[in-house]
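Data first, discussion second: the structure below is written as structure tokens.
Residue numbers (the numbering used here): 172 to 622.
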């Protein structure tokens, strides 16, 4: 029996506290990025290209943490410096990131601006930065929002970015999983990219690709079912999913072992006996999801999940999409972040349910404003909350808020001196030390870049 009484106490405390009217204003003032100057006399002269040495893969934690904290991750951003163009998720065909707003920040399809500025999902320095931040926050890996591997719209580009991210995740000794947007198959059918009769055969090709490419990795998220079989966990986004329960059985036919499917909100037995929660913006009234509506959703979901053998919980900081402002559709509604209290509430409620996994929703969905990644508006607030939570559960958790600033220092240096091979070799050493938990060593290396 899960600890429902503890859950209700947490919700009651939250509802009592949430009496401040929603505000669209940022809760924290931004500060500038560090300006770092290298001691050139300590290193060789610049070369014409960046040379970095990948760190050897770190082992997974043993035993695996309980619960695993996995960040839902979007691999769908492009910039001119890396890809030659601004991707749709930064512009939504409305905003121009090359222009500045009244605050001097780039015009983005978001109410938030990442500390790095708008970035490209295939940028090595960016992926390194993100993985280091996750490690220092106590995040154990990612669940990537995945559109398949076809060269249709931006799906192929996103798949390439996903592959690159997983390389960095594995080097850091972290976990990864796929959340498949199966409605992409309908998009390809409707637009003539796939023949009308290829619906299930394409789905089978997707499953074969997943099995051959990722499922067999020791870093891929696995579930050991009651029969003792260890199976790769596959999430599917959308309620209901595009494929039916009969379709999924066909898609999994011949895969050994068959993936363990987990759906959004509502199970789809027998192929998906369990589900995961998501911000319930469909319950918004008058454009806002109220604390009472959030309370009802969380209580109902975790009550439903009381006797599940495998529970994926969810924690999220709020919801503030930009769809209406961008002219691409109606807003799904607004969930006030309450200066971090919404994230604290959903995280503590998730922990009270004793889950196997907590999905952090999301690391970087800027269009929907569910970001945990540091931004100019709220800085490191959400990652500090994760650190505080770890210290409550395990007082020996070693990382501090000051440590969270190290990845940005390294990222800034990568960009500032990207053509200097010797400097980047030093930064490789700093990254390897940081990922291994040797922060004093990483700091000592970075002091060589200060005057």
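Each residue gets a CB set at the ideal place from its N, CA and C atoms; glycine is no exception.
Beta bridge counterpart(s) of residue i as assigned by DSSP
{"i": "residue 301", "result": "Answer is none; residue 301 lacks a bridge partner."}
{"i": "residue 271", "result": "277"}
{"i": "residue 285", "result": "546"}
{"i": "residue 470", "result": "None; residue 470 has no bridge partner."}
{"i": "residue 491", "result": "505"}
{"i": "residue 514", "result": "Paired residue(s): none; residue 514 is not in a bridge."}
{"i": "residue 537", "result": "The partner list for residue 537 (beta bridge, DSSP) is empty, contrary to what the question assumes."}
{"i": "residue 407", "result": "351"}
{"i": "residue 439", "result": "443"}
Residue i, buried or exposed, once every other Cβ within 10 Å from all chains shown has been counted against 16
{"i": "residue 237", "result": "exposed"}
{"i": "residue 256", "result": "exposed"}
{"i": "residue 270", "result": "exposed"}
{"i": "residue 357", "result": "exposed"}
{"i": "residue 252", "result": "exposed"}
{"i": "residue 387", "result": "exposed"}
{"i": "residue 561", "result": "buried"}
{"i": "residue 210", "result": "Below a pLDDT of 50, predicted positions are generally treated as unreliable, and residue 210, at 35, falls in that range; the measurement from the model is reported next regardless. It counts as exposed."}
{"i": "residue 567", "result": "exposed"}
{"i": "residue 275", "result": "exposed"}
{"i": "residue 618", "result": "exposed"}
{"i": "residue 250", "result": "buried"}
{"i": "residue 545", "result": "buried"}
{"i": "residue 526", "result": "buried"}
{"i": "residue 336", "result": "buried"}
Start and end residues, beta strand (DSSP E) containing residue i
{"i": "residue 261", "result": "Taken as a continuous stretch (DSSP letters only), residue 261 belongs to no beta strand (DSSP E), being part of the alpha helix (DSSP H) at 259-262."}
{"i": "residue 485", "result": "483-486"}
{"i": "residue 435", "result": "431-435"}
{"i": "residue 530", "result": "528-531"}
{"i": "residue 243", "result": "239-244"}
{"i": "residue 250", "result": "Run containing residue 250: none; DSSP gives neither H nor E here."}
{"i": "residue 447", "result": "445-447"}
{"i": "residue 461", "result": "Residue 461 -> no beta strand (DSSP E), and no H or E assigned at all."}
{"i": "residue 384", "result": "That residue, residue 384, is in no beta strand (DSSP E); it is neither H nor E in DSSP."}
{"i": "residue 427", "result": "Neither: residue 427 is in no beta strand (DSSP E) and is coded neither H nor E."}
{"i": "residue 394", "result": "393-395"}
Three-state class that DSSP yields for residue i in the structure shown
{"i": "residue 340", "result": "helix"}
{"i": "residue 316", "result": "strand"}
{"i": "residue 508", "result": "coil"}
{"i": "residue 572", "result": "helix"}
{"i": "residue 581", "result": "helix"}
{"i": "residue 401", "result": "strand"}
{"i": "residue 557", "result": "helix"}
{"i": "residue 586", "result": "helix"}
{"i": "residue 620", "result": "helix"}
{"i": "residue 456", "result": "strand"}
{"i": "residue 325", "result": "coil"}
{"i": "residue 232", "result": "coil"}
{"i": "residue 308", "result": "helix"}
{"i": "residue 611", "result": "helix"}
Contact set for residue i: own chain, Cβ-Cβ below 6 angstroms, skip 5 residues either direction
{"i": "residue 243", "result": "314, 530, 532 and 533"}
{"i": "residue 297", "result": "290"}
{"i": "residue 292", "result": "246, 248 and 332"}
{"i": "residue 329", "result": "246, 247 and 318"}
{"i": "residue 303", "result": "578 and 605"}
{"i": "residue 542", "result": "283 and 535"}
Cβ neighbours of residue i in the same chain (closer than 7 angstroms, five flanking residues each side left out)
{"i": "residue 491", "result": "282, 505 and 540"}
{"i": "residue 391", "result": "347, 348, 385 and 403"}
{"i": "residue 299", "result": "339 and 602"}
{"i": "residue 449", "result": "435, 436, 485 and 532"}
Close beta carbons around residue i, own chain, < 8 angstroms, minus the five adjacent residues each side
{"i": "residue 442", "result": "416, 419, 420, 423 and 432"}
{"i": "residue 464", "result": "451, 454, 455 and 456"}
{"i": "residue 556", "result": "511, 514, 515 and 518"}
{"i": "residue 277", "result": "268, 269, 270, 271, 284, 288 and 289"}
{"i": "residue 499", "result": "263, 264 and 265"}
Span of the alpha helix (DSSP H), counted from its first residue to its last, around residue i
{"i": "residue 601", "result": "592-606"}
{"i": "residue 351", "result": "Where residue 351 is concerned, there is no enclosing alpha helix (DSSP H), although the beta strand (DSSP E) it sits in stretches over 346-351."}
{"i": "residue 551", "result": "Segment: none, residue 551 is in no alpha helix (DSSP H) and carries neither H nor E."}
{"i": "residue 413", "result": "From DSSP, residue 413 is part of no alpha helix (DSSP H); its letter is neither H nor E."}
{"i": "residue 357", "result": "354-361"}
Residue i at chain B interface by Cβ criterion, 9 angstroms
{"i": "residue 418", "result": "Absent from the structure: chain B. Only one protein chain is present."}
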